[in-house]
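**Q** Structure provided below as structure tokens; questions to follow.
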Amino acid sequence: MKKYILIGFMSMMVLHATVPSVSSPAVTVMTQPNGDKELAWVDEQILAILPARIGVPDGFINSLRDPMKMKKAIPTVKSGSNLLAPPKLGSMGVLAQPKVLEEPLRLLAIMNKSVLISGKWYKVGQSVRNFTLAEIKSNSVLLTGKKDQKLILFLTKQNNNIKIITK
Numbered sequence: 017m018k019k020y021i022l023i024g025f026m027s028m029m030v031l032h033a034t035v036p037s038v039s040s041p042a043v044t045v046m047t048q049p050n051g052d053k054e055l056a057w058v059d060e061q062i063l064a065i066l067p068a069r070i071g072v073p074d075g076f077i078n079s080l081r082d083p084m085k086m087k088k089a090i091p092t093v094k095s096g097s098n099l100l101a102p103p104k105l106g107s108m109g110v111l112a113q114p115k116v117l118e119e120p121l122r123l124l125a126i127m128n129k130s131v132l133i134s135g136k137w138y139k140v141g142q143s144v145r146n147f148t149l150a151e152i153k154s155n156s157v158l159l160t161g162k163k164d165q166k167l168i169l170f171l172t173k174q175n176n177n178i179k180i181i182t183k
């Protein structure tokens, strides 16, 4: 890549040295000394376009808005909208509180006499939400609740890659 850039730069310098130059401050055009009338016409055309052209001022360009930014439309609220009026105090009964849905209990790990249920470690006899941890088995646990409710949680995923060897 560097080789091509160097060759391009060298050829540009050679062409620049051989081509007649046009300098912008002092309007001078140097052409080869030919008495050709076609070249005289070209010289006239070049002289016609050489004067500085007036463009758009920078301040005007900076005042234009960015065409890539999109403005979000602000929703307008009409006076006759479909919104309901707020209820009067005392006119309605007690509003029912929405029920909070709890994440279901998940048995994630069993280690010795401790279990990991939904991210927390528990031992036998400790309470887990509305249940009490009653029994720990090799791949499940038994939770007992009020009125002799029983809930059995099983390990959801077993990792066969982990092997613990004891002597």
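Everything in the sequence shown is counted per the working numbering, starting at 17 for the first residue and increasing by one.
We put the beta carbon where it would ideally sit given N, CA and C, even for glycine.
How far does the beta strand (DSSP E) with V131 in it reach, from first residue to last?
**A** Looking up residue 131 in the sequence shown gives position 115. From DSSP, the beta strand (DSSP E) with V131 extends over S130 to I133.
**Q** Based on the DSSP output, what are the partners of E119 in its beta bridges?
**A** For this step, residue 119 is matched to residue 103 along the sequence shown. Beta bridge pairing from DSSP links E119 with no other residue.
**Q** Report the rounded CA-to-CA distance for G157 versus P114, giving the unit in angstroms.
**A** By 1-based counting over the sequence shown, the position of residue 157 is 141. By 1-based counting over the sequence shown, the position of residue 114 is 98. The sequence shown places Val at residue 157, not Gly. For V157 and P114, the distance between alpha carbons rounds to 31 Å.
**Q** Helix, strand or coil: which one does DSSP assign to A150?
**A** As a position in the sequence shown, residue 150 is number 134, starting the count at 1. In this structure, A150 counts as strand in the three-state DSSP scheme.
**Q** Helix, strand or coil: which one does DSSP assign to V38?
**A** Translated into positions along the sequence shown, residue 38 becomes position 22. Only weak support is given to the placement of V38: the predicted model assigns it a pLDDT of 49, under 50, and the value that follows is read from those uncertain coordinates. Strand.
**Q** Between the alpha carbons of P73 and L80, how many angstroms are there, rounded?
**A** What you label residue 73 is simply residue 57 of the sequence shown in a count that begins at 1. What you label residue 80 is simply residue 64 of the sequence shown in a count that begins at 1. Taking the straight line joining both Cα atoms gives about 12 Å.
**Q** In terms of DSSP beta bridges, what is W137 paired with?
**A** In the sequence shown, residue 137 corresponds to position 121, counting from 1. Partner(s): L132.
**Q** Is it the case that the region 121-131 contacts the region 83-91, given that we only count it when at least three CB pairs across the two stretches are under 8 Å?
**A** no
**Q** Drop a sphere of 10 angstroms on the beta-carbon of P67, count the other beta-carbons inside from all chains shown, and report buried for 16 or more, exposed for fewer.
**A** The sequence position of residue 67 within the sequence shown is 51, counting from 1. Counting Cβ neighbours within 10 Å, P67 comes out exposed, since fewer than 16 surround it.
**Q** Across which residues does DSSP place I126 in a beta bridge pair?
**A** Here residue 126 refers to the residue found at position 110 of the sequence shown. According to DSSP, I126 bridges with V131.
**Q** Using 8 Å for Cβ pairs, my map puts I168 next to I126. What's the rounded Cβ distance?
**A** As a working note, residue 168 is residue 152 in the sequence shown. As a working note, residue 126 is residue 110 in the sequence shown. Actually they are not in contact, since the Cβ atoms of I168 and I126 sit about 13 Å apart, beyond 8 Å.
**Q** Secondary structure at K166, three-state DSSP: helix, strand or coil?
**A** By 1-based counting over the sequence shown, the position of residue 166 is 150. In this structure, K166 counts as strand in the three-state DSSP scheme.
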